[in-house]
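Keeping their order, the protein sequence lines are chains G and H.
425 is the number that this note's numbering gives to position 422 of the first sequence; each next residue is one higher, with no gaps.
199 is the number that this note's numbering gives to position 163 of the second sequence; each next residue is one higher, with no gaps.
Quick reminder that beta carbons are idealized off the backbone N, C-alpha and C, glycines included.
Only a predicted model underlies this, so the values are computations on that prediction, with no experimental measurement involved.
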Amino acid sequence: MKRFGFAILVVLAFALAFTGCEKKPTGPVTVEFWHAMTGKNGDMVAQVCEKFNASQEAYKVTPVYKGSYSDTMNAAIAAFRAGQAPAIAQVYEVGTATMMSAKGAIKPVYQLMKENKAKFDPKAYIPTITGYYSTSKGEMLSMPFNSSTSVMYYNKDAFRKAGLDPEKPPVTWPEFFETAKKLKASGMQGGFSTNWISWIQLENFSAWHNQSFGTKNNGFDGLDTELVFNTPLTLKHFETLYQLSKDKTFIYGGRENKANPLFVSGQVGMHFESIGGYGNFKANCKFDFGVARLPYYPDVAGAPQNTIIGGASLWVFGGKTKYEYKAVSEFFSFISQPEIQAFWHQNTGYLPITKAAYELTKSQGFYEKNPGPEVAINQLLNKEPTGNSMGIRFGNFNIIREIEDQTWEDILADKISVKDGLDKMVAEGNKTLREFERVNK
Amino acid sequence: MAKQYEFLNQRRLPYLLVLPQMVIVIIFFFWPAAQAVWQSFFIQDAFGSRLIFVGFENYLKLFADPAYGESFVVSTAFALAVTASAMTIALFLAVQANREIRLSSFYKTMLIWPYAVATMVAGVLWLFMFNPNVGVVAWLLEKKLGIAWSHLLNSRQAFLLITVAASWKQVAYNFVFFLAGLQSVPAPLVEAAAIDGASPLVRFWRIIFPLLSPTTFYLLVMNLVYGFFETFPIIHQVTAGGPGKATQILVYKVWRDGVINLDLGGSAAQSVILMLLVIGLTVVQFRFIERKVTY
Chain G
4 MKRFGFAILV VLAFALAFTG CEKKPTGPVT VEFWHAMTGK NGDMVAQVCE
54 KFNASQEAYK VTPVYKGSYS DTMNAAIAAF RAGQAPAIAQ VYEVGTATMM
104 SAKGAIKPVY QLMKENKAKF DPKAYIPTIT GYYSTSKGEM LSMPFNSSTS
154 VMYYNKDAFR KAGLDPEKPP VTWPEFFETA KKLKASGMQG GFSTNWISWI
204 QLENFSAWHN QSFGTKNNGF DGLDTELVFN TPLTLKHFET LYQLSKDKTF
254 IYGGRENKAN PLFVSGQVGM HFESIGGYGN FKANCKFDFG VARLPYYPDV
304 AGAPQNTIIG GASLWVFGGK TKYEYKAVSE FFSFISQPEI QAFWHQNTGY
354 LPITKAAYEL TKSQGFYEKN PGPEVAINQL LNKEPTGNSM GIRFGNFNII
404 REIEDQTWED ILADKISVKD GLDKMVAEGN KTLREFERVN K
Chain H
37 MAKQYEFLNQ RRLPYLLVLP QMVIVIIFFF WPAAQAVWQS FFIQDAFGSR
87 LIFVGFENYL KLFADPAYGE SFVVSTAFAL AVTASAMTIA LFLAVQANRE
137 IRLSSFYKTM LIWPYAVATM VAGVLWLFMF NPNVGVVAWL LEKKLGIAWS
187 HLLNSRQAFL LITVAASWKQ VAYNFVFFLA GLQSVPAPLV EAAAIDGASP
237 LVRFWRIIFP LLSPTTFYLL VMNLVYGFFE TFPIIHQVTA GGPGKATQIL
287 VYKVWRDGVI NLDLGGSAAQ SVILMLLVIG LTVVQFRFIE RKVTY
């Protein structure tokens, strides 16, 4: 009985310690960090957290793997609804508008850093990366974490075989299509393929040519944004892709990143994919390959502009204690340091989020052995971003991409013409934007 | 006898005994189902901070959407195709394996095996074989038969592929039940018919098949339910609903709209419709089809 009484006392003591929220807890303040990184990238998340935990004693960040991007986001939202949100959640770029519109549910990063007087210089970050997660006034809402952008990969061996200069990849789209035809004529199954039709051939295509994807600066200035990408330029581009698919100069390999096997197996000579896929190609391609910038149409004024990012950022949830917020702000300062960023960048293939990390990596000679990532960074830094190339901020973004993917397949299968297809993407996309506006006004 | 009477007289005991089951059913079925009905009358943001009552708008939107009608047609066609092929093939195999043949237990084991494969894995297996870029079968089809295989763009091929993959897995399940059913058909009946001069086909259709009807009926229900609801992992792995929306069956659409696209109201309305569909299907099956079944 005595022992039982003692146990009750211990439990009560603990309960007291935990209910007094604003009371300074004993021992390190622990915060949870929910993420969606698997394999090597998952190990790197753990290592970054370990480095932080070892660097000081007051705070502890615990990484928790929660499944795919959508699983992680859903888990965080469900946890928030149940009052159990983690302090930090990794959310993919298409979830940005959804997270932003949840006022009260999230703590904007610029506020968090200011309130906690953490080391934070918004100018240190690469504008095309932070811009994606900032308000149009430049206030950073979430902390960029793993960022990538789309680039062109090409098979140097295939170039040699087709009598092309492997050090001179095509720069413009007309040159690109000619090269693709030559590659096919040299005996390859096809000329080129692409992943992420929506992200690469629509969103990045628009930014790279400095044309609007949507009104209101691609949605940055309000929920009443509308899609406007069915321009003559996009039409010309898609018309060409469609024509080239008929004789297999262009091979469609599926949605998302499902077209990768076409490039790895040497069936096509050129391919569009995220720079995040660089490591995968390095490990699996049995040929010499190169990375080049996205092609552009030379008759478009201002092209090439800069490309936009993909990947995910870290969102901080509302309703946490000031100690937890302090811990998060310290963690964010920590991961923004050049050494940590360079470590992350060089081990995962994702881009560094600060210029200092890029310079550090360069001085370490990393790009001499891995020229690919530098091409991606230069693409992002090509020009000061404009309203068309800052990023995309749409509610129901997932649905919009789904509509684009589905309609694109219908175009290739001759169920709808290219022109009607693009108009349909815009019309249906706008419908879903209005639905989001209605709920989130 | 007296003791038994006393036992039956205990009024509360039966309720107490069904209580655990009821609690489970209420928590895991009635409560979520009620929530789905409730949610289907609202639109809300992902975080649940804004809830707007919209009446039947979510339903009306579905009925006005031609894509939903298409999804309905695709699901029905798919469920029927899977049921028909999986049951026919299983019955044929079971009849063959039920005879006195050498290695029959080996055949039986091999035929039951696919059932041990998780549905998700089955999807991946078939996808690998038929992947237009790297698949062995796709390659053979193109090189040897001149059939350009591309289920990524050809909706008929996509439908065929998921039907084959889903049936392949279900054949094993049906096979076990048909085999058990066949073994319980009294041998004297079949032998008597044989002596009377009935051919093997006549014996099968007139004696064995009617005696199998309880098994067939049970499997019919199970296969339709499987086709409608449990094939989700195969669709998810093999086609993800594509090309276009050609293989987007109802359950897959519920998941996409709710979990990925966070349209909770619309997704809830779809779930309610599915629920009504299942209730209707079950009633029809037990009311009308079961009457013709001899147990």
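Neighbour list for residue i in chain H, Cβ cutoff strictly below 8 Å
{"i": "alanine 108 of chain G", "result": "Phe83, Ser85"}
{"i": "alanine 105 of chain G", "result": "Asp81, Ala82, Phe83, Ser85"}
{"i": "asparagine 158 of chain G", "result": "In chain order: nothing, as chain H lies at least about 15 Å away."}
{"i": "asparagine 433 of chain G", "result": "Neighbours of asparagine 433 of chain G on chain H: none; closest Cβ ~16 Å, over 8 Å."}
Span separating the alpha-carbon of residue i from that of residue j
{"i": "phenylalanine 253 of chain G", "j": "aspartate 413 of chain G", "result": "16 Å"}
{"i": "lysine 219 of chain G", "j": "threonine 228 of chain G", "result": "5 Å"}
{"i": "phenylalanine 128 of chain H", "j": "leucine 197 of chain H", "result": "22 Å"}
{"i": "valine 34 of chain G", "j": "valine 67 of chain G", "result": "10 Å"}
{"i": "isoleucine 356 of chain G", "j": "valine 294 of chain G", "result": "20 Å"}
{"i": "isoleucine 285 of chain H", "j": "isoleucine 309 of chain H", "result": "13 Å"}
{"i": "proline 307 of chain G", "j": "aspartate 293 of chain H", "result": "36 Å"}
{"i": "tryptophan 204 of chain H", "j": "methionine 165 of chain H", "result": "14 Å"}
{"i": "alanine 234 of chain H", "j": "phenylalanine 245 of chain H", "result": "14 Å"}
{"i": "asparagine 233 of chain G", "j": "valine 59 of chain H", "result": "55 Å"}
{"i": "serine 139 of chain G", "j": "phenylalanine 223 of chain G", "result": "6 Å"}
{"i": "leucine 384 of chain G", "j": "isoleucine 406 of chain G", "result": "30 Å"}
{"i": "isoleucine 296 of chain H", "j": "asparagine 260 of chain G", "result": "17 Å"}
{"i": "asparagine 210 of chain H", "j": "tyrosine 254 of chain H", "result": "10 Å"}
{"i": "glycine 327 of chain G", "j": "valine 32 of chain G", "result": "In the sequence as displayed, the identity of residue 327 of chain G is glutamate instead of glycine. Straight-line Cα distance between these residues: approximately 6 Å."}
{"i": "proline 111 of chain G", "j": "alanine 85 of chain G", "result": "21 Å"}
{"i": "glycine 432 of chain G", "j": "phenylalanine 214 of chain H", "result": "50 Å"}
{"i": "aspartate 81 of chain H", "j": "alanine 72 of chain H", "result": "16 Å"}
{"i": "lysine 329 of chain G", "j": "arginine 441 of chain G", "result": "35 Å"}
{"i": "glutamate 206 of chain G", "j": "isoleucine 395 of chain G", "result": "8 Å"}
{"i": "threonine 112 of chain H", "j": "glutamine 273 of chain H", "result": "20 Å"}
Contacts that residue i makes with chain A (C-beta to C-beta distance below 7 Å)
{"i": "proline 279 of chain H", "result": "You won't find chain A in this structure, because its protein chains are G and H."}
Residue-level contact to chain H via CB, residue i, 7 Å cutoff
{"i": "arginine 84 of chain G", "result": "yes"}
{"i": "leucine 265 of chain G", "result": "yes"}
{"i": "glycine 257 of chain G", "result": "yes"}
{"i": "glutamine 409 of chain G", "result": "yes"}
{"i": "isoleucine 402 of chain G", "result": "yes"}
{"i": "serine 145 of chain G", "result": "no"}
{"i": "serine 73 of chain G", "result": "yes"}
Below-7 Å beta-carbon distance, residue i vs any chain G residue
{"i": "leucine 189 of chain H", "result": "yes"}
{"i": "valine 90 of chain H", "result": "no"}
{"i": "alanine 115 of chain H", "result": "no"}
Proximal chain G residues relative to residue i, where beta-carbon distance stays under 7 Å
{"i": "isoleucine 63 of chain H", "result": "Going along chain G, no residue has its Cβ under 7 Å from isoleucine 63 of chain H, so there is no contact; the nearest lies around 16 Å."}
{"i": "valine 28 of chain H", "result": "With chain H represented from 37 up to 331, any question about residue 28 of chain H goes unanswered, as that position is not in the structure."}
Range of the contiguous alpha helix (DSSP H) that encloses residue i
{"i": "phenylalanine 369 of chain G", "result": "369 to 372"}
{"i": "tryptophan 67 of chain H", "result": "67 to 75"}
{"i": "proline 222 of chain H", "result": "Note, proline 222 of chain H: premise wrong, no alpha helix (DSSP H); not H, not E."}
{"i": "phenylalanine 346 of chain G", "result": "341 to 351"}
Residue i: contacting residues in chain H (beta-carbon distance under 9 Å)
{"i": "threonine 101 of chain G", "result": "Asp81, Ala82, Phe83, Leu298"}
{"i": "asparagine 399 of chain G", "result": "Asn297, Leu298, Asp299"}
Within chain H, the residues that residue i reaches when beta carbons sit closer than 7 Å
{"i": "valine 442 of chain G", "result": "Ile79, Gln80, Asp81, Arg86, Ile88"}
{"i": "isoleucine 80 of chain G", "result": "Ala82, Phe83"}
{"i": "asparagine 77 of chain G", "result": "Val295"}
Endpoints, the beta strand (DSSP E) within which residue i is located
{"i": "histidine 274 of chain G", "result": "273 to 277"}
{"i": "isoleucine 137 of chain H", "result": "Careful: isoleucine 137 of chain H lies outside any beta strand (DSSP E) and carries neither H nor E."}
{"i": "tryptophan 318 of chain G", "result": "312 to 320"}
{"i": "methionine 146 of chain G", "result": "146 to 158"}
{"i": "glutamate 35 of chain G", "result": "32 to 38"}
{"i": "glycine 316 of chain H", "result": "It is not in any beta strand (DSSP E) - glycine 316 of chain H instead sits in the alpha helix (DSSP H) that spans 300 to 320."}
{"i": "lysine 251 of chain G", "result": "Unbroken run through lysine 251 of chain G: none, as it is neither H nor E."}
{"i": "lysine 63 of chain G", "result": "62 to 68"}
#### Entry: Interfacial residues, the region 266 to 300 of chain H to chain G, with Cβ spacing under 7 Å
The region 266 to 300 of chain H vs chain G, Cβ under 7 Å: Ala276, Gly278, Pro279, Gly280, Lys281, Val295, Ile296, Asn297, Leu298.
### Contact residues within the region 201 to 212 of chain G, judged by C-beta distance below 8 Å to chain H
Those residues of the region 201 to 212 of chain G that come within reach of chain H (Cβ to Cβ, closer than 8 Å) do not exist; the list is empty.
### Query
Any residues in the region 285 to 304 of chain G with a beta carbon nearer than 9 Å to a beta carbon of chain H? Which ones, in chain order?
Contacts with chain H (Cβ-Cβ distance below 9 Å) from the region 285 to 304 of chain G involve no residue at all.
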